[in-house]
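Worksheet: the structure to be examined is printed underneath.
Protein chains in written order, with this note's numbering: chain A, 549 to 681; chain B, 1218 to 1392.
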C-alpha cells in the first residue's frame, strides 16, 4: 500500500491511497484503502489521513475518521488523536500498521505499531527526509 | 496570507525484516521514496493544490515496482492482481475510489476520475474500468504489473498454507 497527504499554501488538505492488497488474498477482498473514513480521509477543518496495515482492523475502527472525530468533537490535537488510535485502539483489536496524517495547522504525524514503515516527507523551507523502520 | 506547504508519503506496512535489509536494498528504497516525493513537492512548490500533490505522489509510488500498488502490486491466490485506490479533497469532502481493478496503470487516476466525472464515491470492477477508459487513462497488460518478487511471495505463501507453516510476515503479506 502507498499513500500521500498534503497541505498546500492555501491551507487545503488532501489524502490519497493506493494498494494491491494482501498477498494471496481471496478474489474480491477489499481492504481499507479505498474505504473513505477507514484508510483514506480529508477535511480541511481537521486532518488528512492515509493508512496502511491490516485492512480489516482499520475498517472496524474506521481509523481515519476516528482521528477526525476526536479532533472535531473532543478537541484533540492531531498528534493526540492519531497516536491514541494507532498505538492504543488498533492494538486492542489485534491490528497492526500505521498512517500518515497532516492537520490544518500544518502539523504532521506518522505513527505505526508494526515493525517498520517506508516514509518520506517535506515541509516547506526544510530539506526532504526519508526513513525506514 | 499563504502558509508553508507540507507533504508526507508512505510506501506501505510491508517492510522486510532488518536481517534481510542490506545496505544496497535500503539505499534503493530511500532513492525510490525520494523520487516519489518529488512530483508532489514540485506541485506544492509552484503553488499548486494539495489534491494535485497527493495525486502526483501516489502515481509516482504506483510506478515504483518496490511498492505494493500499481506496478509491483501483490497477487491474489488465483495469480491475478486486484488494485484499489482512493482520493479525498479536504476542501469539500469530495471523494473518489475504485476497487478490484486491473490493467489501469495508475489506479489513483481512476479514483480521481470517479470523483470528478461521476456523482459516486466508490466504484468496483468493470464499472470502474469503464470510467477510467472514458477519462482516457493509460492501460497496461499483465506483463507491466508483474514483478518476480511478488510472484515468488505468492508461491511461498501458497506453499506455506499447504504445509501448515504459514507465518505472519508482514513483508510477504503486504508486499
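Where a beta carbon is used, it is the ideal one built from N, C-alpha and C, also for glycine.
Quick caveat, the model's predicted, so the values are computed rather than measured.
- Task: Give the range of the alpha helix (DSSP H) segment to which residue 1187(B) is assigned.
- Result: No statement about residue 1187(B) is possible, as the shown extent of chain B runs from 1218 to 1392 and does not include it.
- Exposed unless 16 or more other CB atoms sit within 10 angstroms - verdict on residue 623(A): exposed
- Query: Which word fits residue 1223(B), buried or exposed, when buried means at least 16 other C-beta atoms lie within 10 angstroms of its C-beta?
  - Reply: buried
- Query: Beta carbon of residue 1322(B), beta carbon of residue 1287(B): below 9 Å?
  - Reply: yes
- Item | residue 1281(B) versus residue 554(A) - alpha carbon distance | 20 Å
- Query: When DSSP builds the beta bridges, which residues end up paired with residue 652(A)?
  - Reply: Residue 652(A) pairs with nothing; no bridge assigned.
- Query: Excluding sequence positions up to five away, which residues of its chain have a Cβ less than 8 Å from the Cβ of residue 1312(B)?
  - Reply: 1303, 1304, 1305, 1306, 1332 and 1338
- Enumerate in chain order the residues of its own chain whose CB-to-CB distance from residue 680(A) is below 7 Å, with the five nearest sequence positions on each side excluded. 664 and 666
- Straight-line Cα distance separating residue 1371(B) from residue 653(A): 43 Å
- Query: What is the rounded straight-line gap between the Cα of residue 1284(B) and the Cα of residue 1309(B)?
  - Reply: 30 Å
- Item | DSSP three-state assignment for residue 577(A), whether helix, strand or coil | coil
- Item | Coarse secondary structure for residue 636(A), derived from DSSP in three states | helix
- Item | Contact set between residue 615(A) and chain B, taken where Cβ atoms lie within less than 7 Å | None at all; the shortest Cβ gap to chain B is about 13 Å.
- Message: Do residue 1226(B) and residue 671(A) count as a contact pair if the criterion is CB distance below 9 Å?
- Response: no
- Query: First and last residue of the alpha helix (DSSP H) that includes residue 1331(B)?
  - Reply: 1324-1334
- Item | The alpha helix (DSSP H) enclosing residue 621(A), as first and last residue numbers | 611-622
- Message: In the DSSP assignment, the alpha helix (DSSP H) including residue 1275(B) goes from what residue to what residue?
- Response: 1267-1280
- Is the Cβ of residue 1282(B) closer than 9 Å to any Cβ of chain A? no
- Neighbourhood of residue 1358(B) by C-beta, 8 Å cutoff - its chain only, sequence neighbours within 5 removed: 1320
- Message: Just checking: is the beta-carbon of residue 1344(B) within a distance shorter than 9 Å of some beta-carbon in chain E?
- Response: Protein chains in the displayed structure are A and B, and chain E is not among them.
- Query: If you count every other CB in all the chains shown that lies within 10 Å of the CB of residue 1340(B), and 16 or more means buried, which is it?
  - Reply: buried
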